[in-house]
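Heads up: the sequence shown at position 330 corresponds to 330 in our numbering, and the numbers run straight through without jumps. Note that beta-carbon positions come from the ideal geometry of N, C-alpha and C, so glycine has one too. What follows is a short report on a single structure.
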Amino acid sequence: MQTENSIRSVVIVGGGTAGWMTAAALANAIRTGCTITLVESEEIGTVGVGEATIPPIRTFNEALGIAESDFVKATQGSFKLGIQFVGWGAQDSTYFHPFGSYGRNFDLLPLHQYWLAAKARGDAPPLDELCMAWAAAKRGKFAQPLPDPRSVLSTYDYAYHFDAGLYAKYLRGYAEQRAVVRIEGKVGAAVLDGASGRVSHIKLEDGREIAGDLFVDCSGFRGLLIEGALETGYQDWRHWLPCDSAYAVPCERAGEFTPYTRSTARAAGWQWRIPLQHRTGNGHVFCSGFISDDEAAATLMANLDGQALAEPRKLSFVTGRRNLFWNRNVVAVGLSGGFMEPLESTSIHLIQAAISKLIALFPDRDFDPLVIDEYNRIAINEFERIRDFIILHYKLTSRTDSEMWRYCGAMDVPDTVTWKLEHFRRNGRLVQRDADLFGPPSWLAVHIGQGNMPHGTDPLLPLRGADHADHLKKLEAALARAAEGLPSHADYVARNCAAG
Ligand code: FAD
1 MQTENSIRSV VIVGGGTAGW MTAAALANAI RTGCTITLVE SEEIGTVGVG
51 EATIPPIRTF NEALGIAESD FVKATQGSFK LGIQFVGWGA QDSTYFHPFG
101 SYGRNFDLLP LHQYWLAAKA RGDAPPLDEL CMAWAAAKRG KFAQPLPDPR
151 SVLSTYDYAY HFDAGLYAKY LRGYAEQRAV VRIEGKVGAA VLDGASGRVS
201 HIKLEDGREI AGDLFVDCSG FRGLLIEGAL ETGYQDWRHW LPCDSAYAVP
251 CERAGEFTPY TRSTARAAGW QWRIPLQHRT GNGHVFCSGF ISDDEAAATL
301 MANLDGQALA EPRKLSFVTG RRNLFWNRNV VAVGLSGGFM EPLESTSIHL
351 IQAAISKLIA LFPDRDFDPL VIDEYNRIAI NEFERIRDFI ILHYKLTSRT
401 DSEMWRYCGA MDVPDTVTWK LEHFRRNGRL VQRDADLFGP PSWLAVHIGQ
451 GNMPHGTDPL LPLRGADHAD HLKKLEAALA RAAEGLPSHA DYVARNCAAG
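Spelled out as structure tokens, the structure:
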């Protein structure tokens, strides 16, 4: 039974990916005694991008009881084994950031230490060839990983590409079936309670008023409540993450149906390619200080697989985060909380992480500062660790062919990034911090892929008494064999989750 102090009404402002993910998850968590209302404006619309994800999205869907095949069908989805980076280190370089690991550790030193030693002897396969995700991805293959830890087919992970609009629609159906009430309307203002300073209600432009105990701000970059009403403040990270704009455009599906996202570096930014069942999503993320809008749009349109299906749409943003993600009785989820650009497809993950924290630290009507502080502590850590990983891609460039890449190669980075860079540079050690979302294989992929070769190996390595060169060769061969036996990505989708 609810208590005197229980939250009785949650109001979600915004119906993009953040709004409907929040509504669906809260509807699943709150079974009685509390209403959930979502207000959105069709006229304002959503940001309409955000189509590549990382593996934890699967646990979000599973927690909601959503079947994978149903979800992939409904969202014109496809599968993602990682990201291929083209031209990020040197202009002609390519590497893969895989979901999963490089083989499996077989010794008390990590496998990559033996790879570094073999590389120094001129006897190592390319690092990419030692991960199952790439072995499958480069052959255009996909199947679910196996649970048997003895099989190399257990050493990878996967996520999805999907149509962002269809995903929100799918979750809306889920949430409305579980009593979430949707209100169509434009929020004009938020009214604060004089005594507590909390938001007491929002006013729609047509005069309706919606009161609530807890407000979740999913209004996108505007941050209607967290900033508009509460003036929480924003940390601008553009000196580390200089891209501040994007053009996005869908095109006809042509070329390979790759089970991975491609990120191709351009002179003043980078371009994404996300293959879905019914179309391919494309976007050019760029730094407006180094290229004009016209040139940025033209670069995108000149580099599509197939016929464009719309005019390119411009989006502008400031990379960074709110000073607080939870302020008084408002929790900012999604773009209202901050944005770090889409390079590693982390925004939807941060929505998911915000919702899990909100459920784990669900307040009562006292809004205990202890709870709010804990939420903000974890959220800030999560944001900053992801920030560090994205910065690594820009910092570790050897490109000098354009102003933006020269800026990035020379820029100062946070101490937390320098610390990791230096450890790796010395002897290939992958040191970790609490709350790192991206683990050692991810950092290894970017370090090596972008040319940050360590000066030496772990000092323990020569004392181990074996070089395990054979192990690496056998692993490469085993991965190739296993990948050959998998179905093609196209066949897998056609057989299991074709959108029809
Ligand atoms: P929005 O989609 O902007 O939704 C805001 C909602 O608030 C809308 O429903 C709007 O109508 C409503 N609203 C606003 N003002 C009012 C008002 N006054 N009254 C009523 N309603 C209002 N993330 C990934 O994980 N992977 C990616 O590949 C990826 N790519 C991206 C590429 C780009 C260029 C950008 C900019 C973002 C990308 N993202 C990506 C981020 C991702 O798009 C967002 O995290 C996600 O869509 C959530 O957005 P949102 O719901 O917070 O905001």
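Helix, strand or coil for residue i? Go by DSSP, reduced to three states.
i    : result
Q352 : helix
Y158 : coil
H423 : helix
L127 : helix
Y167 : helix
A211 : strand
N5   : coil
G451 : coil
V285 : strand
S442 : helix
T416 : helix
Q432 : coil
Y174 : helix
E184 : strand
R266 : strand
Y260 : coil
F79  : strand
Run the CB neighbour count on residue i, radius 10 Å, all protein chains shown included, and call it buried at 16 or more, exposed below.
i    : result
H112 : buried
Q271 : buried
V501 : The structure shown does not extend to residue 501, since the chain is modelled only from 1 through 500, so no value can be given for it.
R328 : buried
A490 : buried
Q307 : exposed
F286 : buried
S151 : exposed
G14  : buried
K314 : exposed
R273 : buried
D217 : buried
S69  : exposed
L224 : buried
E51  : buried
R388 : Per the sequence presented here, residue 388 reads as Asp, with Arg not at that position. Answer is buried; the Cβ neighbour count reaches 16.
Where do the N-terminal and C-terminal ends of the beta strand (DSSP E) with residue i fall, by residue?
i    : result
W270 : 269-275
G188 : 187-192
L136 : According to the sequence as given, residue 136 is Ala; it is not Leu. Note, A136: premise wrong, no beta strand (DSSP E); alpha helix (DSSP H) at 132-138.
S245 : 245-251
L204 : 199-204
H97  : 94-98
V86  : 82-86
At what residues does the alpha helix (DSSP H) containing residue i begin and finish?
i    : result
T299 : 293-301
S69  : 68-74
E403 : 403-410
P145 : Careful: P145 lies outside any alpha helix (DSSP H) and carries neither H nor E.
With a floor of 4 residues, list each alpha helix (DSSP H) that falls wholly inside the stretch 453-499, ordered by position along the chain.
-> 469-484, 489-496
Every unbroken alpha helix (DSSP H) inside the stretch 100-124 [4 residues or more] | 111-120
Enumerated in chain order, which unbroken segments of the alpha helix (DSSP H) with a length of 4 residues or greater are wholly contained in the stretch 303-376?
-> 347-360
Between the stretch 27-43 and the stretch 364-376, are three or more C-beta pairs nearer than 8 Å?
-> no
Touching or not, the stretch 156-166 and the stretch 270-284, by the rule of three or more beta carbon pairs under 8 Å?
-> yes
Is it a yes or a no for the stretch 139-148 touching the stretch 193-209, going by three-plus beta-carbon pairs under 8 Å?
-> no
Segments assigned beta strand (DSSP E), at least 3 residues, entirely inside the stretch 211-238 | 214-217, 234-236
Note down, one range per segment and in chain order, each alpha helix (DSSP H) of at least 4 residues found wholly within the stretch 12-65.
-> 17-29, 57-63
Answer yes if the stretch 143-150 comes into contact with the stretch 41-56, meaning at least three C-beta pairs across the two stretches below 8 Å, and no otherwise.
-> no
Give a yes or no on contact between the stretch 425-436 and the stretch 65-80, applying the rule of three or more CB pairs nearer than 8 Å.
-> no
Examine the Cβ distances between the stretch 295-304 and the stretch 110-127 and report whether three or more of them are shorter than 8 Å.
-> no
The stretch 353-361 touching the stretch 389-408, judged by at least three CB pairs closer than 8 Å = no
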